[in-house]
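Just so you know, the sequence shown maps onto residues 56 to 378 in my numbering.
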Amino acid sequence: MEFLVNDLSLEGQYPDVQTFQAAMGRLMKMKESIKKFGGEMFCHRKVATAQITATMSFPQVVQVFDRNKRQSMMQWLTRTGPFWEDARLHSPDDYLVCRDEIVTDSAVGEAAWCCMNGIERHLVSFTPSQWEVSPLSVEFFEDEELKKSVVVDNFWETLTLETALEKKPIVLDSWDQLRKIALPRFSNLFFSGDAFNPLEGHPFVHGAAHRFMALFHTLDRFMACHDEFGKRTAEGHDIYQNFFTGKKGGGGRGAIFTDSSDDEKVEFKKEMTFKHPQCPDESLFCTWHGKVQTPQFRIHFSWPVKAGEPIYIVYVGPKITKR
């Protein structure tokens, strides 16, 4: 499970430093609970500069904290993260509204966009704040017309959060468990027998494991959105536009599934050529890949989609095309 810290729940509402210290303590307890249940809590770097009281910002307030807590907190919010903006999925052009407020470029907008596109994400809010509401209803507009709406679970109390976490059946705590859960779950994908081998020897990362699950889920849905002739349905076109197209830069999110560059196809041809999972005498040149940013992991899969065939997942592991 992935949770995003609701940056909108910090709006200078705290009357004094002590009240905020208590609020920060509650947030850190929720962070610990999420980690205990195998989840990950993502923040945005701008939290480290947010307005806390009417006259003090985060960098000023944090000076009052115990030295060790201050260093640990600032390291989390400015260096270690993880930060959801590093693998942001919604675009600055996506018009998202919650409670009559535009929430584009916020954690609320990111979580909502993900939920609208089949990626489960939740919110964690500071308390007290005006965001003690759950679920949050978020609407997506295009050309001033309502296109989609979704509800996003929002948590601000540790007890409520842990109750929800206990109801979730999946707790990923190893790469082997990721493999065991993924193989039977995604019926439109065919994993080669050694697809997960490249992960061996690499430290397990909860966030990366859940990102892999999200990538598998999206590919599985995309494969299901094709007719018997291999043509995309309307939903398939939406998935393609949202996840297989787009450029980084200028605030764009970039595609999370892309082809390798022409230079990479030449330089790493051997590394990206795999045995066909169902035809031992054949090979697959799998240059298309899904991205995990922190750390830099990839999944490589067969492309294009062919009628009567699954998508073959042939590699799950560290980025191949590192120079």
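For each residue, glycine too, the CB sits at the ideal point set by N, CA and C.
Membership of residue 215 in the alpha helix (DSSP H) is indicated by the continuous run 213-221. DSSP, reduced to helix, strand and coil, places residue 85 within a helical segment of the structure shown.
In this structure, DSSP gives residue 265 a helical state, which the three-state scheme calls helix.
Between the segment 144-156 and the segment 128-135 there are fewer than three inter-stretch CB-CB distances shorter than 8 Å, so the stretches are not counted as touching.
Comparing C-alpha distances from residue 67 to each of 378, 206 and 185 shows the shortest one belongs to 185. CA-to-CA, the gap between residue 126 and residue 156 works out to about 34 Å.
According to the DSSP assignment, residue 353 belongs to the beta strand (DSSP E) that extends over 352-356. With distances taken between CA atoms, residue 163 lies nearest to 64 out of 347, 265 and 64. For the options 98, 112 and 287, the alpha carbon positioned closest to that of residue 70 is the one of 112. Sixteen is the threshold: since fewer than 16 other Cβ atoms of the shown chains lie within 10 Å of the Cβ of residue 123, the residue is exposed. Judged by DSSP in its simplified three-state form, residue 99 adopts coil rather than helix or strand. Annotation: residue 283 to residue 104 spans about 53 Å, alpha carbon to alpha carbon. Residue state for residue 244 is assigned as strand, using DSSP reduced to three classes. Between residue 254 and residue 372, the C-beta spacing is below 8 Å. One alpha carbon belongs to residue 350, the other to residue 139, and they sit about 13 Å apart. Taking C-alpha positions only, residue 269 is separated from residue 331 by approximately 24 Å.
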